[in-house]
Every structure is written in C-alpha cells, then in structure tokens.
Amino acid sequence: MSITPKENLLMMYRREIPEYIPSMFEPSQVAIKEEMLTPVSAPDGPIVTALGVEYIGSKDLMNGAMPTPGKILLRDITKWRDVIKKPDTSGRDWEGYYKNQTKNFDREKFAVSVPGGADYFLTLVSFMGFENAFLALYEEPEEVKALLEYVSEYYIEVMKHQLYYVKPDIYGIMDDDAAYRAPFMSLSMYREFFKPFHKKHADLALENGCYLDRHDCGRCEQYIDDWLEIGIRSWNSAQITNDLRGIKKKYGNRLIMGGGWDMLKYGNTKVDMQEFKDSLVEYVDTFAPGGGFNFFAHVSGPPDDPKVKERSDYIKSFYYDYVKDWYKTH
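If you count by our numbering, then the sequence shown holds residues 442 to 771, one letter each, in order.
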C-alpha cells in the first residue's frame, strides 16, 4: 500500500526523510476558512472583521486582503478601550460552522490545517496604520501590551473552538513582521511585544497534538531561533533575501522550508529558458538533501500568457520527472 499524502507530510514534521518531496502539485493538506479572524483574501469587495477593521482585495496580490488605505480605526493608542471591542460570540454556532467545513474532509488521506492565526503585529497595524503602530510601540508600550492582551483573549477563544471542533493536525501562526529586505523590528522588540502571544498559541496547539507552521514573508531569519524555541516545525514562504543556504546548513530538517526559489528573478518570462531550467535543478539540489524541503516554484504573470503557461507547465513536469522522487534517485 502506497503512503498517503498526509503521512508523507507528517514524516517531514517528525523530522524524517519523506518518501517523496511534497509540492503544490501533490496536495497533502485540507484547510478550513475562518470568518472570525483576519481575512486572507477579499475578491468580492470590502470585508469588515469582527474587530471592526475594513479589508479590501489587492489586485497586485491576487485579491489578497489588505486593510483599506486611509481608513484608520484607532489613532490614539490610549483610547483603545473606547474603540476596539471584542464581538459577542455567545450565540454563535461554532460546532455547525466548523463541521459544515470539515464534514467532507478525507482525514486519512490529507492532513487538516488551521491557517492564519496569531497575527498580533499585523492586527496592531490594521488598527492604527503602520506609522502610528510603531509610534505607539515606542511611546506607549504598556498600552500596546494591554491592547494585545485584550485581543488575545478573543483570538484564543476562537482558537480553542477551532481545536475542539476541527481537531487539526497542523496549526498555522501567521504574522508578517518583516519587509522583503529587512525585519520591521529588532529582535528585542519582537521578544517583548509579540513573541509572548505567539507562544500562547503555540503552547495551546502543542497541548492539543498539533504541529506548528509559521508563515512569515520577507527577511525574517532573525526570528528562527525563537520560532524553534516555541515549537515551530515549518516555515513558508522562505524568500531569497534570507540566507537560505546558511539556514539549511544550520538547521537541517529541524525547520521545513517551503519556498527558496528566486521567483522574482527566474519566474520572469524574460529570463533565458535554459537559465530558468538550470535554476530549478540547483534549487532542488541545494535544499532537498537531508529532508525538510517543500518544493514551491511559480512563474509570475497572467496564466493565459503563452510564455507563462509554457514555463508553468515545465515546472509541473519538472516536479514529476526530477523532484518528487529525489530521495529515491539521489
């Protein structure tokens, strides 16, 4: 009997060499959506969150949800108690909401994941705007901590219902605290303000038998030791402004890396085709050894563009011809 995608993925989370390298072409997870937390996308117009923030879809990010520009909910951090209100969830049908989503999940074949929780930095920014959020962190640190503690009571309430009714295999912590070329804050600031709340979620997930995934874009490598300390096992998306070769050498399969291919450079259809192909081989041969590698390569551009389609098709065939069974052929 062949191994299921779920078991293959969980082998990586157990820090074993999987039977084959996972990728977007071989689904191994099913995930719930969560209307009570920060939206991931907003393709159908504005969404107002349970905490009162309006999000809109960004065309540049394939309708990824972003706080509506110019709409600031909280301008003075000392007034947060008058502005930020947790929703009344006393009459909410948590069981029905989650069971309706999970009733057709094939739990034998696919790992169940709960994505996108614990985004405390992004939540603060969504309330105040980027500049005001950082001014508050410096000028009124105790008020920021009090606000995050209040928000955490709500986020943990949602998480407890997720864990009870969904019973996920993997819990995702999502907080984009870095820009493409540099982190947004010092490590000491992260440890003072945000790590304690990430740890709350991590501890609760681990107590309920989940593996932990961390979503963090940009140059966020300074946080990796702290991630591992709280139990993180995987990271997406590993972007090339980080020292990915050094990270692979230092951590090996202790941290699953999803990403790592230079999509900005080689995902451009203007790049020479042979250079594009060679980059994929180098990418896999660099990060696959020892396990802890999730193949992810993507070409930028309209999917109906013939050049985009040609290279996208090549990536898919390359995965099946070269990548998937890499551990059997190398």
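A virtual CB, placed ideally from N, CA and C, is assigned to each residue, including glycine.
Runs of the beta strand (DSSP E) lying entirely within the stretch 547-634, each at least 3 residues long, are 552-558 and 611-615 in chain order.
Straight-line measurement puts the Cα of R695 at about 12 Å from the Cα of D654. Taking the Cα positions, S469 is about 5 Å away from P446. Among the bridge pairs identified by DSSP, V471 is matched with V553. Under the DSSP assignment, I756 falls in the alpha helix (DSSP H) whose first and last residues are P747 to F759. Considering only F728, L515, P480 and Y605, the residue with the shortest C-alpha distance to I681 is F728. By alpha-carbon distance to P730, the top candidate from M630, M453 and E448 is M453. For S675, the secondary structure class from DSSP, reduced to helix, strand or coil, is strand.
Within the same chain, and ignoring the five residues on either side of P463 in sequence, the residues whose Cβ sits closer than 8 Å to its Cβ are P446, N449, L450, M453, S469, N735 and F736. For L514, there is no enclosing alpha helix (DSSP H), as DSSP marks it with neither H nor E.
Shown here, H639 sits in a helix according to DSSP, grouped into three states. Per DSSP, reduced to three states, the secondary structure at S720 is helical.
The Cβ atoms of C658 and D617 lie closer than 7 Å to each other. By the beta-carbon neighbour count (other beta carbons within 10 angstroms, threshold 16), Y496 is buried. Across the structure, A552 and G650 are spaced so that their CA atoms are roughly 13 Å apart. In this structure, G701 sits away from N677, with a CB-CB distance that is not shorter than 7 Å.
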